[in-house]
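Going by the numbering used here, the sequence shown opens with residue 85, and the numbers climb by one from there.
Structure record follows, encoded as structure tokens.
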Amino acid sequence: MPPQAATVVLQQGDCCRHGQPPRWHAGGAGGEPLPFYLPQRKRLSVDGSAKPPGPRICIWECDGEAGDITCDIVAAPFRRSCSARPTQAPAAPFFRMMTPPPPRPQRVVEAEEEASKPGKAIRRGHRSYGLMLNLQLGISYSVGKSSALPFKKLLATDFDPREKVWTRFPPEGSKLTPPHHSVDFRWKDYCPAVFRHLRKLFGVDPADYMLAICGNHTLRELASPGKSGSCFFVTQDDRFMIKTVKKAEVKVLIRMLRSYYEHVREHKSTLLTRFYGTHCIKQVGCPKVRFIIMGNFCCSEYKIHRRFDLKGSSYGRTIDKTERKIDETTTLKDLDLDYAFRLQRFWYEELMKQIQMDCTFLETQGIMDYSLLLGVHFRNDLSVSKIGLSQPIALTKSTTGKRKSFEGGGNFCELCFMESGCKDKDLTIESRKPFVQLGMNMPAQAERSSRKILDKFLLNERHLFISTPGGGPCDVYLFFGIIDILQDYDITKKLEHAYKSFQVNPGRISAVDPKLYSRRFQDFIRRVFVKQQQ
């Protein structure tokens, strides 16, 4: 890039060579002209049809930031060729001053946005960088391969636990896999046909799915909020989460996959975790890494101010941080919650009905130790009295468009609302109306609850108080779903129950029988969410 503006000469008969960067020259000392070269990347011309030769628009792609384009209007047509030669400076009408394009400020904005998001970006040198490369290669291969095949009806053999495909990815590439800069690894895809149907059922477009995980943007690693030791990764658009799991959890998911598929197909508004894929990576000389890809319940254009992981138990259900160290990325627990959320009558009844159906399903599958992930967005500048909700309508795919695709819903949920009259300072686009469905963008009132409301289950233990703007009810948006649904009541949990029962009341611990766990969980949810008075 020259220190000053360079003089570029455009003359009839000159052209460019593709694949070489443009050369910049200025006049020599003493006014003696030097050879001039045209920018040598790419040239497109727009000609008149049958008119005599006239001005022609030439578009040059110059060095500098990608995507910077300079347009030249030339008084004479160019010869279509792919060669370039130095020429002497022509007459004055053909001179044009041309400066390199300035750097684009968008990258600085993107870096600032990335720094404001939770988690740490996985870049070269990060301990999970190699794993991320393997994951992206495997996902692009699996999704691309399945998308090329016709969509067929599921068979009983597609749900077989032995239905898995191993693929080797050597660094030099093979007949099926591309070359890459990572180590040699093997990739396992569990029940690919079933998860392809699940992605379609949840309204996830294959191109969007592959672009979010395998695109130019890197993944982010989140701090694990639980005690399982699992690693969590999230895409840059926050739509998809990737969690490393144990072999036993993969077995539980594959075992109940048929029942899970039938449940989510029958109950469109289910609050259960949405699974999009189950895979395994085996690097040479390293243990296997199994992981699942699922939807992110807290993916929203609203800022999530508080997150809660609620089980309905009290033993050990609090965080070890002081109130000063709590931020928006901290996952609080049962004893840290001192709010009751008032829902409109319709949404309250829908929630209780869906919670009952989902808990019944988990109980029949022998699942326990699940929790409700609750995200809260405090609306400081609105009150519920200013909001009007229209009647429930059935939105088709054409009416919701990209908004539904962004939230991973597609046309999955039949009953939804469009909230009218909302203007929130945290919205990316203020004119966009929030899309409301069960567990997503749900308007509610958060009221400071008396300890007596929850003491029956939480046994009067410490609460963390979250200050509210005016000390009264807060208008909020709620985002929630049921997570950690891959833990069955195995011998490990039975031993944990027996051991902790000697220390505390058995009703306070999380490791209990699935039937008792389901009943206690539903009772706790009824005390966290209450019906709004008419």
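Virtual Cβ for every residue (Gly too), placed ideally from N, Cα, C.
This structure is a prediction, so every number in the text was calculated from the model and none was measured.
When C-beta atoms of the stretch 389–406 are compared with those of the stretch 452–462, three or more pairs fall below 8 Å, so the two segments count as touching. The criterion of a C-beta distance shorter than 8 Å is not satisfied by Thr319 and Ala205. Partner residues in the beta bridge of Cys364, as assigned by DSSP, are Lys272 and Arg374. Look at the beta carbons and you see the stretch 336–348 touching the stretch 278–293: at least three pairs across the two are nearer than 8 Å. Distance check between Cys370 and each of Val267, Thr415, Asp273 and Thr444 places Val267 closest, using alpha-carbon atoms only.
For Phe286, the three-state secondary structure derived from DSSP is coil.
Residue state for Arg408 is assigned as helix, using DSSP reduced to three classes.
Around the beta carbon of Val520, 16 or more other beta carbons lie within 10 angstroms, which makes this residue buried. Annotation for Ala332: the continuous alpha helix (DSSP H) segment containing it runs Lys331 to Arg339. In this structure, Glu434 and Leu522 form a Cβ contact; the two beta carbons are roughly 6 Å apart against a cut-off of 8 Å. Between Gly287 and Tyr583, the alpha-carbon positions lie close to 44 Å from each other.
Sequence-distant Cβ neighbours of His351 in its own chain, meaning closer than 8 Å and more than five residues away, are Gln438, Met441 and Asp442. Cα atoms of Cys364 and Gln617: separation of roughly 50 Å, rounded to the nearest angstrom. The beta carbon of Ile377 lies closer than 7 Å to those of Phe324, Ile326, Tyr360 and Gly361 in the same chain, with the five residues before and after it left out.
Where Met441 is concerned, the enclosing alpha helix (DSSP H) starts and stops at Arg429 to Thr448. For Ser455 against Lys395, the beta-carbon gap comes to about 5 Å, under 8 Å, which counts as contact.
Under the DSSP assignment, Gln529 falls in the beta strand (DSSP E) whose first and last residues are Met526 to Arg532.
In terms of CA proximity to Ile403, Leu416 leads the group Leu416, Ser397 and Leu295. Within the same chain, Ala424, Phe425, Arg426, Leu427 and Tyr432 come within 8 Å of Val614 by CB-CB distance, once the 5 residues on both sides are set aside. Taken through DSSP and simplified to helix, strand or coil, Gln521 comes out as strand. Counting only residues of its own chain and dropping the five nearest sequence neighbours on each side, Gly257 has a CB closer than 8 Å to the CB of Pro263 and His264. Classified as buried, Asp393 has 16 or more neighbouring CB atoms from the shown chains inside 10 Å of its CB. Annotation for Ile451: no alpha helix (DSSP H) segment contains it, and DSSP assigns it neither H nor E. In the three-state reduction of the DSSP assignment, Asp574 falls in the coil class.
Counting only unbroken stretches of 4 or more residues, the alpha helix (DSSP H) elements lying wholly within the stretch 200–276 are 213–231, in sequence order. Ile569 sits in coil when the DSSP states are folded into three classes, being neither helix nor strand. The C-beta of Leu217 has 16 or more other C-beta atoms within 10 Å across all chains shown, which makes the residue buried.
In the structure shown, Ala582 falls within a helical segment according to DSSP collapsed to helix, strand and coil.
Here His461 carries a strand assignment [DSSP, helix/strand/coil]. Looking only at Glu333, Glu447 and Phe586, the smallest Cα-Cα distance to Arg603 is reached by Glu447. Just measuring C-alpha positions, the residue of Phe564, Ser594 and Tyr573 sitting nearest Leu355 is Phe564. For Asp607, the enclosing alpha helix (DSSP H) has its first and last residue at Pro598 to Val612. Annotated as distal: Val336 and Leu600, with beta-carbon spacing of 8 Å or more.
One Cα belongs to Lys578, the other to Phe243, and the distance between them is close to 29 Å. Here DSSP, grouped into helix, strand and coil, assigns Val560 to strand. Rounded to whole angstroms, the Cβ separation of Cys383 and Asp322 is 4 Å, and the two are in contact under 8 Å.
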